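Report on one structure; see the data block that follows.
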Amino acid sequence: MSNADNQFSMRDPRTQYPQPDFEKQPQSAPGLAKDMTPQPDHGESSYKGFGRLDGRRALITGADSGIGRAVAIAFAREGADVALNYLESEEADARQVVKLVEDAGRKAIALPGDIGNEAFCKQLVSESVKKLGGLDILVNVAGKQTYVEEIADLTTEQLEATFRTNVFAMFWLCKAALPHLPPGATIINTTSIQSYQPSPGLLDYASTKAAITAFTHAFAKQVISKGVRVNAVAPGPVWTPLQPSGGQPQEKVEKFGSEAPMKRPGQPAELAPIYVLLASQESSFVTGEVYGVTGGNHLP
Ligand code: NAD
Ligand code: MG
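Counting in my numbering, the sequence shown runs from 616 upward without gaps.
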């Protein structure tokens, strides 16, 4: 991409970003964006904001890398202050995001910690509210995905960790955030195409994503009584550390995205505009929806 390009520049979407084959590149979970080849595009040099979230205060989980980083950059450039959650081992990635948010002239509050813990989730919300002066947007992006070929090898420990990170944390964060959210506030969850077209090696992960989808539909109907909207984004294959750090076997990382009609993985930068839309007042009549961003393997 040339420096003049932004998310509005017209291009052929098939060749806009790298296509497989990719190099094998094992990392241990949760992995780091800085160690990926090619480097993912989070919109660092391209995302152009227009004040669509002016003055909003957002908490984003998984904000150090991948989709969460792209959301943090876009939200900041649209005028929002952001609290960023991630795991302590991801500090190197998170530092880059803090700088990008500050370069956009917005406040970046770094709040590392494990969201698989209910007490931490409560603390994460209260610290965000305190340091941002309130909360208007909650974006649940953090997720755990570990590929296991057969159920015999899927341990109870992994099953529980995947549900804690992907489902329980969303529940705890929504519960803690709700009393702080004013009418007009929005919650955005991150489900997956796995909620609709589950892969055989992602039994636990796909189940958590189906739970996120159902939670989103139900919670939206519950909290519209407070003027709060709740939606979800369902990505297809996206080039992030989640995949080479155990989310897929390395042979699938090499071919990652080849099964999408677009014949490539999406880049985090291609997800951010949907999160911006769902967070902003532009989507005022949209709640309880799931938006697919899949490269062509549409939701049912
Ligand atoms: P990513 O690895 O960049 O982001 C996931 C983040 O989750 C990590 O950066 C980490 O900070 C956070 N995380 C994991 N466990 C945590 C814990 N216990 N406590 C706090 N934070 C924790 O990868 P990504 O692909 O951007 O993932 C973001 C979301 O997108 C996830 O919910 C994932 O399921 C979803 N998703 C990704 C894809 C894909 O192909 N990459 C496809 C569909 C859905
Ligand atoms: Mg990360």
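Heads up, the beta-carbon is just placed ideally off N, CA and C, and yes, glycines get one too. Keep in mind it's a predicted model, so treat the numbers as computed, not measured.
Whole-angstrom distance between Ala-619 and Leu-774, CA atom to CA atom = Approximately 45 angstroms between the Cα atoms of the pair.
Straight-line CA distance for Pro-880 to Ala-767?
-> If you draw a straight line from the Cα of Pro-880 to the Cα of Ala-767, it comes to about 30 angstroms.
7 angstroms Cβ shell around Lys-639 - same chain, five flanking residues per side excluded | If we look at Lys-639 and ignore the five residues flanking it on each side, its Cβ neighbours are Gln-865, Val-868 and Glu-869.
Can we say the segment 790-804 touches the segment 734-754, given the rule of at least three CB pairs closer than 8 angstroms?
-> Touching, yes, given that three or more Cβ pairs across the two stretches are closer than 8 angstroms.
Please state whether DSSP places Asp-696 in a helix, a strand or coil.
-> In the structure shown, Asp-696 sits in a strand (DSSP, three-state: E or B).
Per DSSP, Gly-907 forms a beta bridge with which residues?
-> In the DSSP assignment, Gly-907 forms a beta bridge with Ala-849.
Does the Cβ-Cβ distance between Phe-786 and Gly-731 come in under 8 angstroms?
-> No, the Cβ-Cβ distance between Phe-786 and Gly-731 is not below 8 angstroms.
What's the gap between the Cα of Leu-726 and the Cα of Ser-624?
-> Using only the alpha carbons, I get a separation of about 35 angstroms.
Evaluate contact between the segment 905-912 and the segment 847-859, counting only Cβ atoms and requiring at least three cross-stretch pairs below 8 angstroms.
-> Contact check between the segment 905-912 and the segment 847-859: three or more CB pairs, one atom from each, fall below 8 angstroms, which counts as touching.
Of the residues Lys-824, Ile-802, Glu-897 and Ala-887, which one's Cα is nearest the Cα of Lys-663?
-> Cα-wise, what sits closest to Lys-663 is Ala-887.
In or out: Ala-678 buried (at least 16 other Cβ within 10 Å) or exposed?
-> Under this definition Ala-678 is a buried residue.
Leaving out five residues before and five after Leu-893 in sequence, what residues of the same chain have Cβ atoms less than 6 angstroms from its Cβ?
-> If you ignore the 5 residues before and after Leu-893, its C-beta comes within less than 6 angstroms of the C-beta of Ile-803 and Asn-846, all in its own chain and listed in chain order.
For Lys-759, verify whether its CB is less than 7 angstroms away from any heavy atom of the ligand NAD.
-> Yes; taking the cut-off as 7 angstroms, the Cβ of Lys-759 has a heavy atom of the ligand NAD nearer than that.
Opposing strand residues paired with Thr-801 [DSSP bridges] | As a beta-bridge residue in DSSP terms, Thr-801 pairs with Ile-752 and Arg-844.
Contact set, the ligand MG heavy atom to C-beta under 7 angstroms = That gives Pro-645, Gly-646, Leu-647, Ala-648, Gly-677, Asp-679, Ser-680, Gly-681, Tyr-701, Glu-705, Asp-708 and Pro-856.
Give a single yes or no on whether Asp-729 has its beta carbon closer than 7 angstroms to a heavy atom of the ligand NAD.
-> The answer is yes for Asp-729.
Beta-carbon contacts of Val-756 that lie in its chain and below 8 angstroms, excluding the five residues immediately before and after | Apart from the 5 residues on each side of it in sequence, Val-756 sits with its Cβ closer than 8 angstroms to the Cβ of Ile-675, Thr-676, Gly-677, Ala-678, Gly-681, Ile-682, Gly-683, Val-686 and Thr-805 in its chain, given in chain order.
Backbone CA spacing between Val-891 and Thr-771 [nearest angstrom] = So the alpha carbons of these two residues sit roughly 36 angstroms apart.
Assuming Ile-827 and Ser-840 make a contact with CB atoms under 8 angstroms, what is their CB distance in whole Å?
-> The Cβ separation is near 21 angstroms, so there is no contact.
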